Every structure is written in C-alpha cells, then in structure tokens.
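To keep things clear, I will list the structure first and then write my remarks on it.
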Amino acid sequence: MDGTFNENDLSRIVEADRAHIWHHLIQHKPFETNDPRIIVEGKGMRVWDQKGKEHLDAVSGGVWTVNVGYGRESICKAVYDQLMKLCYFAQSAGSIPGSIFAKKLISKMPGMSRVYYTNSGSEANEKAFKMVRQIAHKRYGGRKTKILYRDRDYHGSTLAAMSAGGQDERNMQYGPFAPDFVRVPHCMEYRKHELDGAPDANFGEWAADQIEAVILREGPDTVGALCLEPVTAGGGVIEAPEGYWQRVQEICTKYDILLHIDEVVCGVGRTGTEWFGYQHYGIRPDFVTMAKGVASGYAAIACMVTTEEVFAMFKDDADDPMNYFRDISTFGGCTAGPAAAIENLRIIENENLLANCTGMGARLDANLRALMDKHKVIGDVRGKGLFQGAELVLDRDSKEPVPEKQAQAVVADCMAQGVIIGVTNRSVPGRNNTLCFSPALIASPDDIDQITDAVDGALGRVFG
Ligand code: PMP
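Numbering (the numbering used here), first residue to last: 1 to 464.
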C-alpha cells in the first residue's frame, strides 16, 4: 500500500485519520474503539458525515465560523479566479482583493482606518499586543506595557494570547506565561454572587469599576491596553450588563488606555443588526480583531484593525530606523482570504443577513426561554443575535452547575437527533455547562425550531 486512495474510499480515510490525525481539542482514546467523525460535505445549514448522516449545524462549523452557510458557489468562484490570477505575495506589497476588502470593511467601521492581515484570531490579537508594547517603548519610555484582560474571556491559543486568557481550564498545564498581562474580574450578572461585594443594582457599572480598581492597583502609568470580548463566547456566552461599556470607555479615556475589542467570534454580523459586537454599545475601540466570520471559513483570513491615530505613531519620523511595525505574517499575504471576504460581505448585504440574524436570534431566545418553563435545569438563557447560550444548573437557587458529563450527554443526544450544538463555559474545570448555539445567519424559523425541539427532547431524556 503506498497510501494513495480515492477521496470516495471513506473507510480508508477513516483509517488514515485514526492513524495520523491529531484532532483539535479532544481526547483520542475513544477513537481506539469508535470511528472519528469526519465531516464530508456541507450545504446551507446542513453537513453530512462519513456515514451519510445529515446534521443541522447549529454552531456554524463547530466554532461559530460559517456565517453565510456552506456551499456558496460565488465565494468559491471568487477564490478560484483570484488564485488563478495571483495566489500570494508578501504583504509588504499590496494586493487587489486586499485593498478592496479593506475599503469595504473600513466603511462598516466608523472611526477605524487601517487593516493588518493575518491568518488566525490568535495572531490578530498578538499583533495588537505587540503594537501596544511598541507604543509603550516609543511613547512612554518602556512603561505602559501592561495589558489587562478579563476573567472568562479568551483571545487565542498561542502563548501570548493565552497570557491574556481568562479561562483557567485552558491554561492550567501550559504556563509560565508572558509577563505584564493582568486579569480583571468578569461582568457576568448571572454569577455575580461569586464576586466579592457585587451589588444587587447597577452591577454593570460596579463591574467596570473593578477594572478601574485594578488599574489603580497596578499604577495607571504602567497600563497600556484593555482587551475585551464584546460578548464573551467560550467563557459562557456573556453579554455585559447595562452601564458597563459606558464606564469602560470613560476609564480608558481617563487613564489613556488603548481599548482592544476582540471580535473574533462576534464580528461580521453574528450578534445581529450591527456588523460588529462593539457597535451595539457606542464605544470607540483603538484595536478591533476579527477572524471567524470574515470569510465564513471559505479561506483563512483574520484582521487586526486600528485607527489612523495608532497608525500614525508607526509612520511618522521616517528617519528613525526603528519607527515602523517590525512584524510579518507569511500567510497574511494569501489573496484567497480577502477575495473570499469581499464576496462574504456582499452576501450578507444582499441577503439582508444582519436583519435575519436579529429576527432569528429573537426566535431562538424566545424558544429557549419557553424551554425554561418545562426544564428546571435551564438556569439562564443569554446572548445576542444568533449567538445564544443556555446555562444548565442542578438548582436554580444555588446555581450549582450540572456536571460537565451531563451537559455533554445533552450535546450527544442532539447529535443523535441530527442537530449539532455546542457546550461551553470554560472557566473552571468541570464546569462546561452552557449549551451554545450559533447557527449560520441564513437560519430559517424551521431551522431554529428544529434546534430547540432537539434540545427539548435531549433535556427530557438526560434530566427526566
Ligand atoms: N478570540 C476569540 C474570542 C475566540 O473565540 C478565538 C477562537 N475560538 C480566538 C480569539 C482565537 O482565534 P483562532 O483560533 O483563529 O486563533
């Protein structure tokens, strides 16, 4: 056997997977007796596995990515045409799709001005972190190097991005981490009882004030940036409460701290109505990073977007040989990314998907809330647009989380019914107890109902 086989020879593909693939984020022992799952095909909201089983994908490719759905011929064609014309050139030169996409993107982001292309969300975040550090050296004599990040937020899998990781469960075995990343408390209303001194009223402002307390403790002249998710994703689908963002903006302005918003999940329509999560809250970020929905997974592309003010710091004083951003991302120069991203944006506009996301998000929210009446195990429903979570608890008063195994059993039951949902809340080991839903923005009312019907059945079977 020379290892070659036909793509239709699925049993040999499974064999090759079992022998050679190291899957992301899972334990492989079960594959000694069970087949790994291979997703073979996708169309619209649905995917098919190697056994030919159809699944309604309620998590957009597993990790909230395929925002415009599978099998979009126009995106594939745009990518093909571009690759035939020019597949790649390093980003020290420009490209036609790179310029066109940047212009379109910036038109959706008032106040922002410059796009730095990379190929993953982690990398986009690291670019912003590096810029903050360089600004600290250029402007503040090596001070203001500290980057604040929030408990429960996630910014990526590379070591510096993990240094800004607020999910202990993911970080536990990978330290030591980079210095000068400092944690601030979370702003999760549902679990505010876990925070010392959290008030009953005005929790949003109080939670933001905790950030100020950290800044004062560390020394405002040492803090360069604050990095936050607009709606925390993997940490439990958490929207900040009323009053939070306004205070965050005031605090950043007061202490001359750059505001970095990580839109890797929320960006490009996921939260409905607005293009970006932060645009719901009237804030003015200095950095916005994005990845997943930028080209809906049709090509690898991520962007670090910043203001002209930040850009100018790296441009002025051209005689100083150190005065530019000394950084490169090889595959940030692939042209397939922006070619796919241009068409992805066009689809969202032409098919009015921001509005569909808002409408279907409201339906998903309403369906999940209706399930709360029937299933006491649902303690909280929260989210924005087509980005919703349902937290499972053993008891609504104590809010004790259900064991992770039970939450996983709900996911497995939905899978058996042909609906792929997720589970998250990565904060404390054993506490992945929030079912999560992020279907493509093209979801129909029937799709939404099929998702929540599956959850209804699964909760009945797992919890009785
Ligand atoms: N930020 C957030 C909020 C994310 O959810 C993720 C990925 N799940 C990342 C950053 C990292 O993106 P990537 O996996 O593309 O590096």
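Heads up, the beta-carbon is just placed ideally off N, CA and C, and yes, glycines get one too.
Source: prediction; values computed, not measured.
- Within the same chain, 44, 45, 68, 69, 351, 353 and 356 come within 8 Å of residue 442 by CB-CB distance, once the 5 residues on both sides are set aside.
- 325 is the residue among 325, 456 and 449 whose C-alpha sits nearest the C-alpha of residue 135.
- Contact check for residue 368 against residue 377 fails: the beta carbons are separated by 7 Å or more.
- If only uninterrupted alpha helix (DSSP H) runs of at least 4 residues are considered, those enclosed by the segment 172-220 are 203-218.
- With a beta-carbon spacing of about 19 Å, residue 58 and residue 348 fall beyond the 8 Å limit used to define contacts.
- Residue 391 has 380 and 434 as its beta-bridge partners, per DSSP.
- Relative to the Cα of residue 47, the nearest Cα in the group 33, 62, 35 and 34 belongs to 62.
- In this structure, DSSP gives residue 364 a helical state, which the three-state scheme calls helix.
- For residue 224, the enclosing beta strand (DSSP E) covers residues 223-228.
- Taking one beta carbon from each stretch, the segment 339-346 and the segment 277-297 have 3 or more pairs nearer than 8 Å; the two touch.
- Taking residue 308 as reference, the option from 30, 15, 29 and 115 with the minimal CA-CA separation is 115.
- The Cβ atoms of residue 119 and residue 300 sit closer than 7 Å to each other.
- With a cut-off of 6 Å, the C-beta of residue 293 is classified as distant from the ligand PMP, since no heavy atom of the ligand falls inside that distance.
- Secondary structure of residue 252 (DSSP, three-state): helix.
- Out of 230, 97 and 370, the CA that lies nearest to the CA of residue 79 is found in 97.
- Residue 428 holds the alpha-carbon nearest to the alpha-carbon of residue 403 among 428, 383, 389 and 397.
- Between residue 168 and residue 145, the C-beta spacing is not below 7 Å.
- If you keep only unbroken alpha helix (DSSP H) runs of at least 4 residues inside the segment 305-354, you get 308-313 and 336-350.
- Taking the Cβ of residue 60 as the reference point, every heavy atom of the ligand PMP lies at 6 Å or farther away.
- The beta carbon of residue 233 sits closer than 6 Å to at least one heavy atom of the ligand PMP.
- The Cβ neighbour count for residue 435, taken over all protein chains shown within 10 Å, is at least 16; the residue is labelled buried.
- In the same chain as residue 188, and ignoring 5 residues on each side of it, the C-beta atoms closer than 7 Å to its own belong to 152, 236 and 238, in chain order.
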